[in-house]
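The structure appears right after this line, and notes come after that.
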Amino acid sequence: MIRKSACSRRMSGFGLALALLFSAASVRADGLAQLKQFMDGTHSARGSFSQQVFSKSGRKPQQANGSFAFSRPGKFRWVYEKPYAQVLVGDGNKLWAYDQELNQVTTKKLGQALGSTPAAILAGDNSLDRNFVLKDAGSADGLEWVEATPKSSDSSFEHIRLGFAGGQLKAMVLNDNFGQTTTLQFGQMERNPAVDPAQFRFVPPKGADVVGE
61 MIRKSACSRR MSGFGLALAL LFSAASVRAD GLAQLKQFMD GTHSARGSFS QQVFSKSGRK
121 PQQANGSFAF SRPGKFRWVY EKPYAQVLVG DGNKLWAYDQ ELNQVTTKKL GQALGSTPAA
181 ILAGDNSLDR NFVLKDAGSA DGLEWVEATP KSSDSSFEHI RLGFAGGQLK AMVLNDNFGQ
241 TTTLQFGQME RNPAVDPAQF RFVPPKGADV VGE
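In terms of the numbering used here, the sequence shown opens at residue 61 and continues consecutively.
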């Protein structure tokens, strides 16, 4: 009787462990499911980011950090605060890039800029399949990953990886055609805030050199 009781307890414990395991697996969504959840449920956002750029030569990575905000479709503000002050603004029609140190503004049509770039993931419409081939990329570093490969041969990126947890975008890894890898970590992301529309307007500073369309 004692042996049977102990065995029963072991089997019950094993059954409970299996139940918990399968329950956890069913709750955790894969990367593609979390990407869909993020895109469908996030119309605007703001937060902070840290960035590292690794060159093909293996030299010390370049580091930067800053803040961002976006409102779909096509409006965003991406601000580099350190080490150099730079601002990227998408106003729905044009992309503006301002380098404070050079006092230079570069502008181009937003459609060309958004087609197959990381900004399309954040600020574009929800039709990612139009510009990217998407596939689940498994789990790593506590995140569920999606790999997005641009369909356009004109894209400067070979592929982009997006890491999710709990339906929230936590990281991006960008591999470009020059052998560079850029990693982005997102922090304090607030989803669907009321973002001031003035954030997405840009007027070139007085005296700035404006290049582009």
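The beta carbon of each residue, even a glycine, is placed where N, CA and C say it ideally should be.
Taking the C-beta atoms as reference points, Leu95 is found no nearer than 8 Å to Pro178.
With a cutoff of 8 Å on beta-carbon distance, Val139 and Phe128 are scored as near each other.
A residue is called buried once 16 or more other Cβ atoms fall within 10 Å of its Cβ, and Val165 is buried on that count. Note that the C-beta distance between Ala183 and Phe136 is below 8 Å. Take the alpha-carbon of Gly152 and the one of Gln248: they are about 25 Å apart. Under the three-state reduction of DSSP, Gly267 is assigned to coil, being neither helix nor strand.
In this structure the region 194-209 does not lie against the region 101-108, because fewer than three pairs of beta carbons, one per stretch, are closer than 8 Å. Shortest Cα-Cα distance from Lys211 to any of Ile220, Asn191 and Leu203 involves Asn191.
Gly134 sits away from Leu188, with the two beta carbons spaced by 8 Å or more. In summary, Leu203 is buried, with 16 or more beta-carbon neighbours lying within 10 Å of its beta-carbon over all protein chains present. For the set Gln111, Trp156, Phe246 and Arg251, the Cα lying nearest the Cα of Pro264 is the one of Trp156.
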